[in-house]
Amino acid sequence: NAGVTQTPKFQVLKTGQSMTLQCAQDMNHNSMYWYRQDPGMGLRLIYYSASEGTTDKGEVPNGYNVSRLNKREFSLRLESAAPSQTSVYFCASSEQGAPNSPLHFGNGTRLTVT
Amino acid sequence: GNSVTQMEGPVTLSEEAFLTINCTYTATGYPSLFWYVQYPGEGLQLLLKATKADDKGSNKGFEATYRKETTSFHLEKGSVQVSDSAVYFCALTSTGTASKLTFGTGTRLQVTL
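Taken in sequence, the protein lines are chains A and B. Going by the working numbering, the first sequence opens with residue 3, and the numbers climb by one from there. Going by the working numbering, the second sequence opens with residue 7, and the numbers climb by one from there.
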């Protein structure tokens, strides 16, 4: 029972390079999320997908794009990486888009942009 | 908008000491409140939750009571263990925001023998 799986675990990019962070969940959850975690700032929502086929901006969407490929997979793309995007990225999923549904998190991707 | 304020860390305690981590919030509507825990190298896990005023969430010896009058959701444990060393995040959702959580900045707890 893998839960939420993120790849890669670590990545180093040069400024201007692009990459896609992958996320897959095997819990048949409807909703998926991308957060970034920065020291002293907690977790901030980048994008979310309330259900398959829909995506919406969160608190800090600039510089990112997402794709909800199917019910299981939700990818995050950096088209032109910047040092300000150095962070730890977490994917999460929840059973339904309701306030009481707990989020299940992956183990994170640590991204460094030089 | 919604916001969550947590006490600054790190918090360092000896094993078997009493733990309190303060959390206060600002929200529209009627928020649900959560504590998540992050162990080293892992993602966040739900620790406990409370969905309405005066509810008490509890799990693994941890407790927190939803206090609407003081807009607080302080985390407590009577006797901490070394294995409780982690980062603890207070979070909320409010009416209409589905499961989009607003997190506090996190409080690192270090428990020593």
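All residues carry an ideal CB built from backbone N, CA and C; glycine is no exception. Note that the coordinates shown come from a computational prediction; the quantities given were computed from them, not determined experimentally.
Contacts between A:L23 and chain B, judged by CB atoms closer than 9 Å, are missing: the closest CB pair is about 14 Å apart. Approximately 13 Å separates the beta-carbon atoms of B:K58 and B:F40; this is outside 8 Å, ruling out the contact. In summary, A:Q27 is buried, with 16 or more beta-carbon neighbours lying within 10 Å of its beta-carbon over all protein chains present. In the three-state reduction of the DSSP assignment, A:D28 falls in the coil class.
Distance from the Cα of B:L53 is smallest, within the candidate group B:T111, B:A92, B:Q12, for B:A92.
The contact set of A:M29 on chain B, defined by CB atoms closer than 9 Å, is empty, because the minimum CB distance reaches about 14 Å. Taking 9 Å as the CB threshold, A:Y66 stays off the interface with chain B. Residue environment for A:Q98: exposed (fewer than 16 other C-beta atoms within 10 angstroms of its C-beta).
Neighbours of B:T111 across chain A, judged by C-beta separation under 8 Å: G42, M43, G44. For chain B, the residues of the region 57 to 91 of chain A that bring a beta carbon within less than 8 Å of one of its beta carbons are G60, in chain order. Any Cβ of chain B closer than 9 Å to the Cβ of A:A94 would place that residue at the interface, and such an atom is present.
Residues of chain B with a Cβ closer than 9 Å to the Cβ of A:F12 do not exist; the shortest Cβ-Cβ separation is about 11 Å.
When secondary structure is reduced to three states using DSSP, A:Q87 falls in the helix class.
Check the Cα spacing between B:M13 and each of B:K74, B:N65, B:T30: the tightest is with B:T30. The region 59 to 79 of chain A makes no contact with the region 19 to 36 of chain B; the number of CB pairs closer than 8 Å stays below 3.
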